[in-house]
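Note that this note's numbering numbers the sequence shown so that position 180 is 320, with each residue one more than the last. We put the CB at the ideal spot given by N, CA and C, even for glycine. Computed from a predicted structure; not experimentally measured.
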Amino acid sequence: MFLTDSETARDADLLAARLSPRRRPGQWVAAAVILVLFAMLVHTLIANPRFQWDVVARYFLRIDILGGLGLTLWLTAAVLVCGYLLGIVLAVLRLSGNVILRSLSFGYVWLVRSVPPLVQLLFWYELASLYPRLSLGIPFGPEFLSFNTAHLFNGVLAAFIALTIDVAAFSAEIVRGGILSVDAGQTEAANALGLSRARILRRIVLPQAMPAIIPASGNMLIGMLKATSIVSVIAVQDLLYSVQLVYNQNYLIMPLLLVATIWYIVLTTLLSIGQYYIERHYARGRGRRARGLVQLARENLPLFGRLRTDLARLS
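Here it is, written out as structure tokens:
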């Protein structure tokens, strides 16, 4: 069957016709409502004099606030490093063929994840009430060294131990999930080459597990930074407690809480940017094209370009 000239021309016009995107009025209405609410939020932040932004600016770089910020950063870094090292050991034990080691690792993770971090913090801070004196020596035999726990467990040490134990339990599950995501054939091939188990884990398994470990680890790092604020309960002078000490003297509660809030936002933003670049580094060679930070912002923030692109397409 042959087509006439008119039918051929009509088919050519249909093929050359420009496709129109589907109209989504509900999305545009929702976007307009969200933009209006966002504009109202920005307006009230600027126009409301009770926020006292001049006070926020005056105390933002105050020396005692920066001291608390330094302790928060140190505690976050120390807890994450030590907790992750312990978590890697627990993850390896959890995957061990020894039933006793596997059961002990599982019991540790189960117990620590069942107890809130604040309860652990208070427990270690009040450890002297249970064990007034600790000693080192032969089990059930003579003691070589003893010391009073009341003089040992101050607020900073109690916070470090409690948060490290908590991070170790969660990081163990993150690392274990990353290790299980690596194909078992990689380990079998390495065993066939005669490599030791430690070298296989360090040079083959963990590098391939990093793309699965990094996103969850970055989220835990950010959560850890914010969770350090609970140490203010036991009078450890972190960022939040430093702010509390100041507003207990001048009663400028909201401006100083804004100081702490802005510092937490700045730090979490910097950590998120660092997490993005680390994820992009370990995503190389996995068949995914790495997107730039500006492109990622445009894809997630309509004000950075997506709304303008959609309007141009509709017009």
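Buried or exposed: where does Q384 fall if 16 or more other Cβ atoms within 10 Å of its Cβ makes it buried? buried
Applying the criterion that 16 or more other CB atoms from any shown protein chain within 10 Å of the CB defines a buried residue, is T184 buried or exposed? Result: exposed.
When you compare only the Cα positions, how much space is there between T216 and V173? 39 Å
Locate the alpha helix (DSSP H) running through N359, then write down its first and last residues. Annotation for N359: the continuous alpha helix (DSSP H) segment containing it runs 346-367.
Sequence-distant residues of its chain with Cβ nearer than 6 Å to L443 (five each side left out): With a pLDDT of 46 at L443, under the threshold of 50, the modelled position of this residue cannot be trusted, and the question is left open.
Looking only at C-alpha atoms, which of Q167, M180, I314, Y271 sits nearest to V232? I314
DSSP-derived helix/strand/coil call for L206: helix
Under a three-way DSSP split, which group does S286 fall into? strand
Test item: CB-CB of A302 and W250 under 9 Å: No; because the gap between Cβ atoms is not below 9 Å, this pair is not in contact.
Look at the Cβ atom of T408, then the Cβ atom of L379, and state whether they are nearer than 9 Å. Not closer than 9 Å, so no.
Contiguous alpha helix (DSSP H) assignments of at least 4 residues, all confined to the stretch 175-256: 193-199, 203-234, 239-254
Closest to V345 by C-alpha separation, out of R158, N359, I374, E328, would be which residue? Answer by Cα proximity: E328.
Compare the beta carbon distance of R316 and L235 with 9 Å and say whether it is the shorter of the two. yes
Look up S311 in the DSSP assignment and say whether it is helix, strand or coil. helix
For L358, I'd like the list of residues in its chain whose CB is within less than 6 Å of its CB, leaving aside the five on either flank, ordered along the chain. In the sequence on display, residue 358 carries Gly and not Leu. These residues qualify, in order along the chain: Q415.
If you follow the beta strand (DSSP E) that G277 is part of, which residue opens it and which one closes it? 273-277
By a C-beta neighbour count over all protein chains shown, 10 Å radius and 16 as the cutoff for buried, is D306 buried or exposed? buried
Leaving aside the five residues before and after I228 along the sequence, list all residues of the same chain whose C-beta is less than 7 Å from its C-beta, in chain order. V315
With a CB to CB cut of under 6 Å and the five nearest residues on each side skipped, what residues in its chain are close to R158? none
In this structure, how does DSSP classify E266 when only helix, strand and coil are distinguished? coil
Comparing alpha-carbon positions, which option in V399, I413, T401 lies nearest A355? For the sequence presented, residue 355 should be read as Pro rather than Ala. Among V399, I413, T401, the Cα nearest to that of P355 is on I413.
Let me confirm a value: P279 is counted as buried when at least 16 other C-beta atoms fall within 10 Å, else exposed. Which label applies? The residue is exposed, with fewer than 16 neighbouring Cβ atoms inside 10 Å.
If you reduce the DSSP assignment to three classes, tell me which class Y391 lands in. coil
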